[in-house]
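Set out below in structure tokens:
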């Protein structure tokens with residue numbers, strides 16, 4: 006069977022599975038629509054959280070990003086896992102005990118203020134749409150590359166699938182499809198990684214393989230892979246793989262902002278509203294991290310191995326020797342196949358019949374050019390005579406490792422599963438914040454449950470259409486706004502939730518002032534350097550940054566400002582009313598979580 | 053417990069102590085060994101891994117995992133000890 010038919014079959018089968026689950030798990034009440042009736046087993050919830058959390062970016066782009074950043078890529082690994090420790094200990098059990106439906110609802114109740122609730126809804130919608138646009142784009146791209154349909158058709162199919170199970174099934178449908186999607190995506194990610202690890206080092210466990218020696222028969226056989234990789238990238242003028250890169254303070258701030266941002270993302274937090282009790286909320290965060298760690302500990306191995314394979318494919322022998330580089334006539338088949346997608350390209354500028362891959366921007370690279378007559382291409386993203394996009398590291402992995410066609414088909418289904426599961430989770434928090442927080446909570450408090458459920462479904466449908474539109478016509482800033490989503494979550498939502506639980510003294514005025522300060526500062530800083538809607542006001546380079554912290558890490562500073570302002574303002578404006586202090590007291594102890602709250 | 057308020061205060065104190073202990077470990081495993089001390093840690097090599105690099109890309113994640121399950125187990129014990137567990 007040819008690859009295309011096989012891919013259609015595998016992806017099609019996964020869709021049938023998702024839709025079957027959606028029909029089985031149709032939501033009948035608002036409780037089921039918003040929080041799956043609070044009846045999800047903690048292990049299954051952990052799995053669903055994993056799928057919810059791991060987006061198209063985690064699946065397709067992260068390993069490639071790490072491959073080119075080396076040690077600098079650690080910020081994503083630590084940042085996007087360490088947040089779960091905060092979530093498990095500081096948020097999940099308490100918000101589960103509080104026992105309602107949405108994050109803005111908690112903020113509104115704890116700070117006895119509709120204004121605080123509305124500010125939270127605005128943050129939530131901005132964060133979630135930013136994120137979802139990238140997911141829809143991911144769906145479209147996977148369709149376009151593997152199934153050879155155009156981007157818009159791919160998007161429409163993706164929207165249709167999400168529409169069926171998010172609108173029909175609500176949180177209940179989304180939860181159980183996410184469980185299935187997790188299985189698809191983790192299989193698709195780890196199978197090629199295991200094969201590559203075994204081929205390169207003889208150790209099938211990727212987590213250990215990248216610390217092992219390269220097997221004889223491969224380039225650099227007998228030495229530790231990371232040592233061999235360090236040596237060759239240094240020889241070619243790149244940064245050392247296992248050290249260096251960004252400044253220490255920037256790595257610190259970015260890691261902290263990503264951790265705190267993770268713990269403040271509404272679509273992640275809300276997953277812990279779906280388990281039966283406080284005890285389950287605690288362990289479920291642990292299970293979520295188990296399932297996430299399965300991918301996140303494999304990703305750095307995939308990154309390092311892919312970088313090694315790529316570099317030794319091009320630099321086949323001694324640097325500078327006439328036959329030390331891949332001949333243009335000998336490029337492997339996968340390179341030719343992926344050239345048409347624009348993810349990899351080469352240009353024999355110096356006309357020696359070979360491809361050189363080196364960093365021409367460094368002194369070392371210029372030395373190589375002077376010494377061996379190498380010449381670099383001036384086209385964007387080229388290093389020497391080669392251009393490689395981050396994304397190819399995962400997408401082309403099965404072909405680089407010469408794996409059978411069914412593995413390639415599986416990777417396509419995995420990429421789509423990762424994008425769809427995250428998109429659905431995001432769309433759901435958007436729709437529930439509109440129907441539950443804005444309509445029912447603020448505008449039409451006497452709305453019937455049936456009407457609210459319908460509003461939730463319409464909200465989800467409208468959100469899908471907007472997300473699809475953003476996916477098809479991405480505003481130029483999609484790639485840049487990831488910093489936005491995490492920065493905003495870290496500097497606005499996370500601190501007010503934490504203070505709402507761990508302090509009885511923070512009042513309405515303090516919370517609103519804190520949220521707005523964090524929000525305005527973080528947004529302002531990112532706009533100043535990245536200029537999302539405006540032209541940047543200063544060049545985005547370390548010399549211009551505050552304390553040397555890049556826009557990606559500034560949410561950490563925003564968070565500190567939020568805490569400081571909230572404490573100061575609360576200090577001068579008096580304590581919150583007694584019933585609020587009692588509410589805080591109540592959410593701190595698990596007893597009574599099973600009692601039905603009236604909604 | 054005779055005085056529910058008093059046991060509530062003691063429960064909360066014990067909870068905060070546990071969280072602080074866990075967060076100190078959390079900080080050391082990631083920000084400490086993987087970032088602030090990455091250079092001295094990198095001079096230690098086990099198999100093909102420089103330890104600073106390993107903590108930043110592998111070790112910290114394993115520590116996080118153990119921490120959450122330890123916390124969950126310990127909290128459940130505290131709930132029972134102070135008689136505030138779910139009914």
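Residue numbers (the numbering used here), protein chains in the order written: chain A, 6 to 604; chain B, 53 to 139. Note that the Cβ used here is the ideal one computed from N, Cα and C, for glycine as well.
Which same chain residues end up closer than 7 Å to residue i when comparing Cβ atoms and leaving out the 5 residues on each side of it in sequence?
{"i": "residue 3 of chain A", "result": "Lying before the first or after the last residue shown, residue 3 of chain A is absent from chain A, which here runs from 6 to 604."}
{"i": "residue 240 of chain A", "result": "324"}
{"i": "residue 74 of chain A", "result": "250"}
{"i": "residue 209 of chain A", "result": "199, 202, 203"}
{"i": "residue 49 of chain A", "result": "184"}
{"i": "residue 322 of chain A", "result": "328, 329"}
{"i": "residue 553 of chain A", "result": "252, 254, 255, 547"}
DSSP three-state call for residue i: helix, strand or coil?
{"i": "residue 332 of chain A", "result": "strand"}
{"i": "residue 49 of chain A", "result": "helix"}
{"i": "residue 89 of chain B", "result": "coil"}
{"i": "residue 359 of chain A", "result": "strand"}
{"i": "residue 351 of chain A", "result": "strand"}
{"i": "residue 103 of chain B", "result": "helix"}
{"i": "residue 229 of chain A", "result": "strand"}
{"i": "residue 151 of chain A", "result": "helix"}
{"i": "residue 574 of chain A", "result": "helix"}
{"i": "residue 387 of chain A", "result": "strand"}
{"i": "residue 542 of chain A", "result": "coil"}
{"i": "residue 137 of chain B", "result": "coil"}
{"i": "residue 453 of chain A", "result": "coil"}
{"i": "residue 7 of chain A", "result": "coil"}
{"i": "residue 116 of chain A", "result": "coil"}
{"i": "residue 121 of chain A", "result": "helix"}
{"i": "residue 651 of chain A", "result": "There is simply no residue 651 of chain A to check, as chain A begins at 6 and stops at 604 in what is shown."}
{"i": "residue 223 of chain A", "result": "coil"}
Could you tell me the alpha carbon to alpha carbon distance between residue i and residue j, rounded to whole angstroms?
{"i": "residue 337 of chain A", "j": "residue 110 of chain B", "result": "32 Å"}
{"i": "residue 206 of chain A", "j": "residue 213 of chain A", "result": "10 Å"}
{"i": "residue 21 of chain A", "j": "residue 76 of chain A", "result": "41 Å"}
{"i": "residue 568 of chain A", "j": "residue 266 of chain A", "result": "15 Å"}
{"i": "residue 550 of chain A", "j": "residue 490 of chain A", "result": "20 Å"}
{"i": "residue 248 of chain A", "j": "residue 104 of chain B", "result": "9 Å"}
{"i": "residue 402 of chain A", "j": "residue 339 of chain A", "result": "9 Å"}
{"i": "residue 57 of chain A", "j": "residue 274 of chain A", "result": "11 Å"}
{"i": "residue 571 of chain A", "j": "residue 519 of chain A", "result": "5 Å"}
{"i": "residue 151 of chain B", "j": "residue 566 of chain A", "result": "Since the first and last residues shown for chain B are 53 and 139, residue 151 of chain B lies out of range."}
{"i": "residue 560 of chain A", "j": "residue 88 of chain B", "result": "20 Å"}
{"i": "residue 253 of chain A", "j": "residue 469 of chain A", "result": "40 Å"}
{"i": "residue 129 of chain B", "j": "residue 83 of chain B", "result": "29 Å"}
{"i": "residue 371 of chain A", "j": "residue 383 of chain A", "result": "14 Å"}
{"i": "residue 85 of chain A", "j": "residue 450 of chain A", "result": "37 Å"}
{"i": "residue 420 of chain A", "j": "residue 238 of chain A", "result": "29 Å"}
{"i": "residue 555 of chain A", "j": "residue 79 of chain B", "result": "21 Å"}
{"i": "residue 167 of chain A", "j": "residue 161 of chain A", "result": "10 Å"}
{"i": "residue 547 of chain A", "j": "residue 258 of chain A", "result": "13 Å"}
{"i": "residue 602 of chain A", "j": "residue 72 of chain A", "result": "Because the pLDDT of residue 602 of chain A is 45, which lies under 50, any placement of that residue in the model is unreliable, and the question is left without a value."}
Quick one: which chain A residues come within Cβ less than 7 Å of residue i?
{"i": "residue 119 of chain B", "result": "90"}
{"i": "residue 86 of chain B", "result": "79, 83"}
{"i": "residue 62 of chain B", "result": "The premise fails here: residue 62 of chain B is roughly 12 Å from chain A at the closest Cβ pair, so nothing lies under 7 Å."}
So residue i contacts chain B; which residues on that side make the cut at Cβ distance below 8 Å?
{"i": "residue 305 of chain A", "result": "109, 110"}
{"i": "residue 592 of chain A", "result": "Neighbours of residue 592 of chain A on chain B: none; closest Cβ ~11 Å, over 8 Å."}
Who are the neighbours of residue i on chain A, taking C-beta pairs under 8 Å?
{"i": "residue 103 of chain B", "result": "By Cβ distance, chain A contributes nothing, its closest Cβ being about 10 Å from residue 103 of chain B, past 8 Å."}
{"i": "residue 66 of chain B", "result": "The contacting residues do not exist; residue 66 of chain B stays about 12 Å from chain A at best."}
For residue i, go through chain A and note every residue whose CB falls closer than 9 Å to its CB, in chain order.
{"i": "residue 95 of chain B", "result": "Ordered by position in chain A, no residue passes the 9 Å Cβ test against residue 95 of chain B, which lies about 11 Å from the chain."}
{"i": "residue 48 of chain B", "result": "With chain B covering 53 to 139 only, the question about residue 48 of chain B has no answer from this structure."}
{"i": "residue 80 of chain B", "result": "The contacting residues do not exist; residue 80 of chain B stays about 12 Å from chain A at best."}
Identify the contact partners of residue i in chain D, using a Cβ-Cβ distance below 7 Å as the criterion.
{"i": "residue 232 of chain A", "result": "Considering every chain present, this structure includes no chain D. Its protein chains are A and B."}
Closer than 6 Å by C-beta to residue i: which residues in its own chain qualify, once you throw out the five before and the five after it? Chain order, please.
{"i": "residue 243 of chain A", "result": "364"}
{"i": "residue 53 of chain A", "result": "180, 183, 184"}
{"i": "residue 51 of chain A", "result": "289, 292, 293, 296"}
{"i": "residue 198 of chain A", "result": "211, 303, 307"}
{"i": "residue 92 of chain A", "result": "268, 290"}
Have a look at the DSSP bridge pairing and note the partners of residue i.
{"i": "residue 98 of chain B", "result": "B/101"}
{"i": "residue 393 of chain A", "result": "A/349"}
{"i": "residue 218 of chain A", "result": "A/229"}
{"i": "residue 320 of chain A", "result": "A/330"}
List the residues of chain B whose Cβ lies closer than 9 Å to the Cβ of residue i, in chain order.
{"i": "residue 248 of chain A", "result": "90, 91, 94, 102, 104, 105"}
Listing by chain order, which chain B residues have their CB less than 7 Å from the CB of residue i?
{"i": "residue 256 of chain A", "result": "87"}
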